[in-house]
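Student: Let me give you the structure first, and then I'll get to my questions.
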Amino acid sequence: MMNLAAALQRNAKCKPNKVALICGDAQFTYAEFDHIASQVAGALIASGIQPGDRVALSCPNIPFFPFIYYGIQKAGGVVVPLNVLFKEREIKYHLEDSGAKFFFCFEGTPELPMAEAGIAAFNQVESCEHMAVITRDLKQLSFNGMPTFSALIHGAEPVQDYVAREADDTAVILYTAGTTGSPKGAVLTQSNMVCNAMVAANLIVGNGNDVHLTVLPLFHSFGQTAHMNTAVMCGATLLMIPRFDPQVVLAQIEQHKATIFAGVPTMYIGMLQAKATLSGEKNYDISSLRLAISGGAPLPAEVIRSFEAEFDIPILEGYGLSETSPVACFHHLDAERIPGSVGQPVQGVEIRVVDEQGKTVETGQDGEILIRGHNVMKGYLNRAEETASSLKDGWLHTGDIGRFDQAGNLFVVDRLKDMVIRGGFNVYPREIEDVLMTHPGVAMAAVIGIPDEKVGEEIKAYVVLKDNGESAEKPDEQCLIEWSKTQLASYKYPRQIEFRQQLPISATGKILKKELKAELELSMS
Numbered sequence: 001m002m003n004l005a006a007a008l009q010r011n012a013k014c015k016p017n018k019v020a021l022i023c024g025d026a027q028f029t030y031a032e033f034d035h036i037a038s039q040v041a042g043a044l045i046a047s048g049i050q051p052g053d054r055v056a057l058s059c060p061n062i063p064f065f066p067f068i069y070y071g072i073q074k075a076g077g078v079v080v081p082l083n084v085l086f087k088e089r090e091i092k093y094h095l096e097d098s099g100a101k102f103f104f105c106f107e108g109t110p111e112l113p114m115a116e117a118g119i120a121a122f123n124q125v126e127s128c129e130h131m132a133v134i135t136r137d138l139k140q141l142s143f144n145g146m147p148t149f150s151a152l153i154h155g156a157e158p159v160q161d162y163v164a165r166e167a168d169d170t171a172v173i174l175y176t177a178g179t180t181g182s183p184k185g186a187v188l189t190q191s192n193m194v195c196n197a198m199v200a201a202n203l204i205v206g207n208g209n210d211v212h213l214t215v216l217p218l219f220h221s222f223g224q225t226a227h228m229n230t231a232v233m234c235g236a237t238l239l240m241i242p243r244f245d246p247q248v249v250l251a252q253i254e255q256h257k258a259t260i261f262a263g264v265p266t267m268y269i270g271m272l273q274a275k276a277t278l279s280g281e282k283n284y285d286i287s288s289l290r291l292a293i294s295g296g297a298p299l300p301a302e303v304i305r306s307f308e309a310e311f312d313i314p315i316l317e318g319y320g321l322s323e324t325s326p327v328a329c330f331h332h333l334d335a336e337r338i339p340g341s342v343g344q345p346v347q348g349v350e351i352r353v354v355d356e357q358g359k360t361v362e363t364g365q366d367g368e369i370l371i372r373g374h375n376v377m378k379g380y381l382n383r384a385e386e387t388a389s390s391l392k393d394g395w396l397h398t399g400d401i402g403r404f405d406q407a408g409n410l411f412v413v414d415r416l417k418d419m420v421i422r423g424g425f426n427v428y429p430r431e432i433e434d435v436l437m438t439h440p441g442v443a444m445a446a447v448i449g450i451p452d453e454k455v456g457e458e459i460k461a462y463v464v465l466k467d468n469g470e471s472a473e474k475p476d477e478q479c480l481i482e483w484s485k486t487q488l489a490s491y492k493y494p495r496q497i498e499f500r501q502q503l504p505i506s507a508t509g510k511i512l513k514k515e516l517k518a519e520l521e522l523s524m525s
């Protein structure tokens, strides 16, 4: 039997007064955390939620997220986390596709009225029977005709114990980004989630003294496993920040003596830029950090070098997907960290690199990354064909291109779908982005392929300059193209450079190349 909530319940008994959650001025102990989660579970069961029923949750990084997430687990339900930026149409799709019976939605802000969009979507989905709006005002019992979270748990009888679940029972359904077609729900089991949190805790030598600064969205698999579930597994403290602001992050690390930070590459770039602007004003003391973790997208080697030189904190890079719970590969603390690699497969997980015929390639050769282990999903929800094409003989076909070195370190080269074929040569945008990032005037870069009659696809780079182009190292388009020629083979360097003030970024901090491609297609139509 297995349930993610077991760790929470254990900590509430063993260390009831230990601070579990910090968000702004609010703090909750493990006893308080567990009690509220138990109230949520009791309210769900009273509302008719049965073990295995799906419950959708749309909430930023505030304590309500873990309260409800673990409450759903205690009730034996399945959590369906939703991106907080979703609009009415997207919410409706996810409620229908997941078959959610209950929907928790944060009220939002004037700029992002989440509850209004959520209520409109909920009213169009007959299969979703209940909704509760999470409000800041805990005395508020109704929001636009919908009961609030406070109204739901008011008088609810807390459960005394979590509902026992089998290891193969579904715990969470994580929706992929939907880069091709509609988003798909990756069905993750109790075993997937529990084992991945335990492995993550072992990798970082997690303990109850850690303070995890959590700015990664908890609706995403990275934040859920690397921070929330891992922290609860270890009985550590979760320091929650709803929105990434580099100066806020630095200040919170100093104030609360955070020991672990995890982020995506754009966050590390933002922190470096913030540190540069603070010179002579405020030098935040972040010496309490013992390690930083990067994932979600490839971290340019230049960013690693600059961050570690500036902050004297090691960055451990990892690799995984929503379909792998997500951790599949990670830098091990007892092994040499090779810049550009994502470390070695984690305990209980196997990784192969294969050619187009499915045969394992030789060391040093590129191929598709395949993954097998305790972390791999059961499949995609209600999508038998796509499950069959992704899961073959127990191996998950990731669609990522990678290679191993002699020491067993994995290097993720790029996404198979992002590969550009120029004049018959395979070109990986990540390599070009990494090179552009080493230019002293470049802060961020995204590379895509664009149609070209002569060579099939041409290389185009979108570039954000440091200090918004005010840097002394500011290059123009031709200067950057000529510089790239000296760094890259003749078929690889970008022929077009477009400078931007910013690049489109997702709620999880990833650069949205699909938006750049869509914008380009629109301009060419």
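Everything in the sequence shown is counted per the UniProt record's numbering, starting at 1 for the first residue and increasing by one.
Here a beta-carbon is modelled for each residue, glycine too, at the ideal position from N, C-alpha and C.
1. One question on the structure: do A445 and E453 come within less than 8 Å of each other, judged by their Cβ atoms?
2. Whose C-alpha, out of F222, N61, H397, is nearest the C-alpha of F244?
3. Out of curiosity, what's the CA-to-CA distance linking C479 and D467?
4. Does the stretch 495-508 come close enough to the stretch 215-222 that 3 or more CB-CB pairs lie under 8 Å?
5. Going by DSSP in three states, I304 sits in which element: helix, strand or coil?
6. With a threshold of 8 Å, are at least 3 pairs of Cβ atoms found where one atom belongs to the stretch 299-317 and the other to the stretch 349-364?
7. Would you mind reading off the limits of the beta strand (DSSP E) that contains V413?
8. Using 8 Å as the threshold, is the stretch 66-80 in touch with the stretch 159-178, meaning 3 or more CB pairs across them?
9. Measuring CB atoms only, is the stretch 401-419 touching the stretch 366-385, in the sense that at least three cross pairs come out at less than 8 Å?
10. Give me the Cβ distance between G295 and V264, rounded to the nearest whole Å; I'm assuming they're in contact under 8 Å.
11. Is the CB-CB distance between A197 and T237 below 8 Å?
12. Looking at C-alpha atoms only, which residue of I450, Q501, M437 is the closest neighbour of Q487?
13. Would you give the residue range spanned by the alpha helix (DSSP H) that M271 belongs to?
14. Would you mind stating whether K517 and I459 have Cβ atoms separated by less than 8 Å?
15. Under 8 Å, do S191 and M2 count as touching if we go by C-beta distance?
16. K13 by DSSP, collapsed to three states: which one?
17. Compare the Cα-Cα distances from N283 to each of I293, M271, L291, M146 and report the closest residue.
18. Which same chain residues, not among the five before or five after E166, have their C-beta less than 8 Å away from its C-beta?
19. So the candidates are P429, V133, S98; which of them puts its Cα closest to the Cα of G108?
20. Rounded to a whole number of angstroms, what is the C-alpha to C-alpha distance between V342 and F404?
21. Under a three-way DSSP split, which group does F28 fall into?
22. Is it true that the CB of L8 sits closer than 8 Å to the CB of M240?
23. Quick one: using the 10 Å Cβ neighbour count with 16 as the cut-off for buried, is residue 533 buried or exposed?
24. I need the straight-line Cα distance from A461 to V442, nearest angstrom please.
25. Which ranges would you report for the alpha helix (DSSP H) in the stretch 84-126 if only whole runs of at least 4 residues count?
26. Which residues in the same chain have their Cβ closer than 8 Å to the Cβ of F307, if we skip the five residues on either side of it in sequence?
Tutor: Working from what's here:
1. One thing to note: A445 has its Cβ no nearer than 8 Å to the Cβ of E453.
2. Looking at the Cα atoms, N61 is the closest of the given residues.
3. 18 Å
4. yes
5. helix
6. no
7. 410-415
8. Judged by pairs of C-beta atoms under 8 Å, the stretch 66-80 touches the stretch 159-178, as three or more such pairs exist.
9. yes
10. 7 Å
11. Not a contact, by the Cβ cut-off of 8 Å.
12. M437
13. 265-277
14. No, they are not a contact pair.
15. yes
16. helix
17. For the set I293, M271, L291, M146, the Cα lying nearest the Cα of N283 is the one of M271.
18. M1, M2, Q190
19. Checking every option, the nearest Cα to that of G108 belongs to V133.
20. 10 Å
21. strand
22. no
23. For the chain, the structure presents residues 1 to 525; residue 533 sits outside this window and is missing.
24. The straight-line gap from Cα to Cα measures roughly 12 Å.
25. 88-98, 114-122
26. Excluding positions up to five away in sequence, the list reads Y268, M271, L272, A292, I313, I315.
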